[in-house]
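Report on the structure given below.
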Ligand SMILES: NC(=O)c1ccc[n+]([C@@H]2O[C@H](COP(=O)([O-])OP(=O)(O)OC[C@H]3O[C@@H](n4cnc5c(N)ncnc54)[C@H](O)[C@@H]3O)[C@@H](O)[C@H]2O)c1
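In the working numbering, the protein residues as written are 25 to 408.
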């Protein structure tokens, strides 16, 4: 199934690609939790160096570089960093609500961007990024490191091989029993910073798991619901001894949705940061010739713990084939950074392109709108 509407080219022309005979100069915007993973992976690359970082909290970027033993310039204003540092690319590691402004500023100043997930909070913001990307001719790659896992890639190969026939129904999602993410900061639970909760934090991964396998069919309608029963309850934070988080909690801790995709496919989705259940179910992809069961995980880091199973009739006999687990051949995060750098150096396509993730964001946006309105909504995705 081909992407049509928004499948604009994100190739940079060869002359715009960065000369590979020197180290790429990288800047990091937002030096909080996930920026640690970015800098560790950049430090492993021979052809890149982190030369600057910016965080709006005074002193935070300097402390970050000190902790990592890196000599780099620290800024409070990312615009000043971009204006003065002669960078080749940036990682945007800020909380969700500032993804758009930081990414667009970087693009407008000629810089390719590795943008953390979720792409944005709203569909409108994602559209603005895509338009700025198209105008700039620079790439934005969205930080879905599970894409680089061999098992995740196998799901796509199975679907594309035709083993399942025509796919007509998908169930996906997952979550944690007691796992509202407040151990390193309250960024994820505050509306003004995160904008969205479980649906944006881990829901975007579950959606990508199946939408990527199907070639990102366009979402058409969504009926969704988001709730916050546990986030607002102080006892939900007993494990981390932070009952005060209940007062700050202003996003969703659970979301569910029934989504219609182009090509007569239905996607049944649920995601939880907290629930009285071990799992809300495995991911299943049902087709006219076979079905695939992907055992549920905490769905955040792309690791698979149990083998997948293909169900098919063999000579008329209902049969099951276990797909062997593919062992990891390196850190997913390193692959995410490497693939981005390769695209910058060669002028290639974004490894995880916005023209796909726009549809992921459209679904999340549709769930938010439908939940507020209390009924199904049409998903309208403007031309980029
Ligand atoms: N890929 C992954 O595995 C993964 C894991 C965790 C978080 N994330 C994503 O990374 C992002 C950041 O999460 P985190 O846990 O690191 O949050 P965090 O709060 O620890 O860090 C974010 C930092 O960005 C800074 N910031 C925000 N707006 C800024 C701006 N305009 N200019 C400069 N600095 C700014 C904040 O001050 C903060 O220090 C989120 O979008 C989150 O979803 C991805």
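Glycine included, every Cβ here is placed at the ideal spot set by N, Cα and C.
Q. What beta strand (DSSP E) runs, 3 residues minimum, are completely inside the region 85-162?
A. 97-99, 113-116, 137-139
Please report how far the alpha carbon of residue 284 lies from the alpha carbon of residue 349, in whole angstroms.
31 angstroms
* How many whole angstroms separate the CB atoms of residue 400 and residue 275, which I take to be in contact at a CB cut-off of 8 angstroms? -> Wrong, their Cβ atoms sit about 22 angstroms apart, outside the cutoff.
**Study point:** Element boundaries [alpha helix (DSSP H), containing residue 184]
**Key:** 174-185
I'd like to know if the region 47-65 and the region 343-362 are in contact, where contact means that at least 3 CB-CB pairs between them fall below 8 angstroms. yes
Out of 52, 180, 281, which one is the CA nearest neighbour of residue 79? 52
Check: Does the beta-carbon distance from residue 109 to residue 326 come in below 8 angstroms?
Finding: no
Inset, instruction - Could you check which residue in 202, 194, 328 has the C-alpha nearest to that of residue 171? - result: 328
* residue 170 in three-state terms, based on DSSP -> helix
Tell me where the alpha helix (DSSP H) around residue 392 begins and ends. 378-397
### Message
Spatial neighbours of residue 302 within its chain, please: C-beta separation below 7 angstroms, excluding the five flanking residues on both sides.
### Response
201
### Beta-carbon proximity list for residue 388, same chain, < 7 angstroms, skipping 5 on both sides
142, 220, 223, 224, 227, 228
Review point. Given residue 396, which residues of its chain have a CB within under 7 angstroms of its CB, disregarding the five upstream and five downstream residues?
Key: none
Practice prompt. Express the C-alpha separation of residue 279 and residue 259 in angstroms, rounding to a whole number.
Written response: 20 angstroms
What are the start and end residues of each continuous alpha helix (DSSP H) run of 4 or more residues lying completely inside the region 178-230, in chain order? 215-218, 222-225
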